[in-house]
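Read the structure below first, then the notes.
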C-alpha cells in the first residue's frame, strides 16, 4: 500500500472506531446522553452510584438521601467559595487530593481534556461548566499548594479546601467517603476515597456522574447532551 493511501485511510479508520465506541455507549447507556432523565432513570443513576468503596464498612455509598447541597469552603486565593457562587452553571466536581498518586490526576485530566474538546466544538456551551476540585486532604492541601497543583490542569478549575469538618460535611452531602490509610511504599499517608466525578445542574441538583476512566470524547458528548442552552 502506498504512503499516500496509508495517510488517507488512517484518519478514516480512527474516526470509524471513535464513532463505533460512542454508538455502543449510547445503546448500552442511553441515559448518559439524556437531557431530561425520567424518575426511573434517576433512580437507576442513584443505584449505579452505590459503588464498592473500601472506606465504607458496608462496602457501598448510600444514595438514599439527595446528593448535593450547600457548602462554604475556601478557594486557592484564600477567599470564601460557596455553592451559590456556581448557581446558573453546571458544576463538574472532582474529589481528591494533590498527593494522590494515580486516580486524582486521571480524573482531572479526563475533565480537562473533555473541556478542551468542548471549547473547540462549542465555546458557549463549555463556558456553562464550572470544573471544581475539592481536596479531601485539607491538612496538606493549603490554598497555595492546591493552586500550584491545579496549574497542571484546565485553567478553569476552581480549587477548594477548608477545615477538616467542613470538608467532611461537603463530602457526605455529595456521597463521597474517604479515610486515611498508610502504605509502606510511601513516607506519609494516602487517602482512600470515592472516585465519582459528579455533574450537578444549574440549581445544584445531581444530574449524573462519570468514572475517572471515562474517555474525554465520551464525557464531552455526554456533557453536551445534558446541558441546556
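Numbering (the UniProt record's numbering), first residue to last: 1 to 229. All C-beta atoms, glycine included, are put in the ideal place defined by N, C-alpha and C. No experiment lies behind these values; they were computed from the predicted model shown.
Inset, instruction - Let me know the alpha helix (DSSP H) ranges lying completely inside the stretch 60-143, each 4 residues or longer, listed in chain order. - result: 103-121 and 123-126
Inset, instruction - Starting from the Cα of residue 136, find the closest Cα among 226, 195, 207 and 199 and give me that residue. - result: The residue you call residue 136 lines up with position 136 of the chain shown. Residue 136 has its Cα closest to that of 195, out of 226, 195, 207 and 199.
Legend entry - Backbone CA spacing between residue 165 and residue 82 [nearest angstrom]: Taking the chain shown and counting its residues from 1, the one referred to as residue 165 is at position 165. Taking the chain shown and counting its residues from 1, the one referred to as residue 82 is at position 82. Each residue's Cα considered, the two are about 15 Å apart.
Inset, instruction - Report yes if the CB atom of residue 163 is closer than 8 Å to the CB atom of residue 138, and no otherwise. - result: In the chain shown, counting from the first residue as 1, residue 163 sits at position 163. In the chain shown, counting from the first residue as 1, residue 138 sits at position 138. Contact: yes.
Legend entry - Boundaries (first-last residue) of the beta strand (DSSP E) holding residue 225: Here the question's residue 225 lines up with position 225 in the chain shown. That residue, residue 225, is in no beta strand (DSSP E); its alpha helix (DSSP H) goes 216-226.
Inset, instruction - Keeping to the same chain, check which residues put their C-beta closer than 6 Å to that of residue 170; ignore five residues upstream and five downstream. - result: Within the chain shown, the letter at position 170 stands for residue 170. 71, listed in sequence order.
Inset, instruction - Kindly indicate the opening and closing residues of the alpha helix (DSSP H) around residue 161. - result: Taking the chain shown and counting its residues from 1, one reaches residue 161 at position 161. Here residue 161 belongs to no alpha helix (DSSP H); instead the beta strand (DSSP E) covers 158-161.
Legend entry - C-alpha distance - residue 145 paired with residue 98, whole-angstrom precision: The sequence position of residue 145 within the chain shown is 145, counting from 1. The sequence position of residue 98 within the chain shown is 98, counting from 1. Cα to Cα, residue 145 sits roughly 8 Å from residue 98.
Inset, instruction - Determine the direct distance from the alpha carbon of residue 224 to that of residue 128, and round the result to whole angstroms. - result: Looking up residue 128 in the chain shown gives position 128. Looking up residue 224 in the chain shown gives position 224. Their Cα atoms are separated by approximately 10 Å.
Legend entry - C-alpha distance - residue 199 paired with residue 143, whole-angstrom precision: Within the chain shown, the letter at position 199 stands for residue 199. Within the chain shown, the letter at position 143 stands for residue 143. Looking at the two C-alpha atoms, the distance is approximately 24 Å.
Inset, instruction - With distances taken Cα to Cα, identify the nearest neighbour of residue 100 among 226, 182, 86 and 227. - result: Residue 100 sits at position 100 when you count from the first residue of the chain shown. Residue 100 has its Cα closest to that of 182, out of 226, 182, 86 and 227.
Inset, instruction - With a threshold of 16 other CB atoms inside 10 Å of the CB of residue 12, please say whether the residue is buried or exposed. - result: In the chain shown, the residue the question calls residue 12 occupies position 12. Summary for residue 12: the model assigns pLDDT 42, below 50, so the residue's position carries little reliability; its value from the coordinates is reported in the next sentence. With fewer than 16 neighbouring CB atoms inside 10 Å of its own CB, residue 12 falls in the exposed class.
Legend entry - Best match in 77, 80, 73 and 91 for proximity to residue 206 [C-alpha to C-alpha]: Walking along the chain shown from the start, residue 206 turns up at place 206. Checked all of 77, 80, 73 and 91; the closest Cα to residue 206 is 91.
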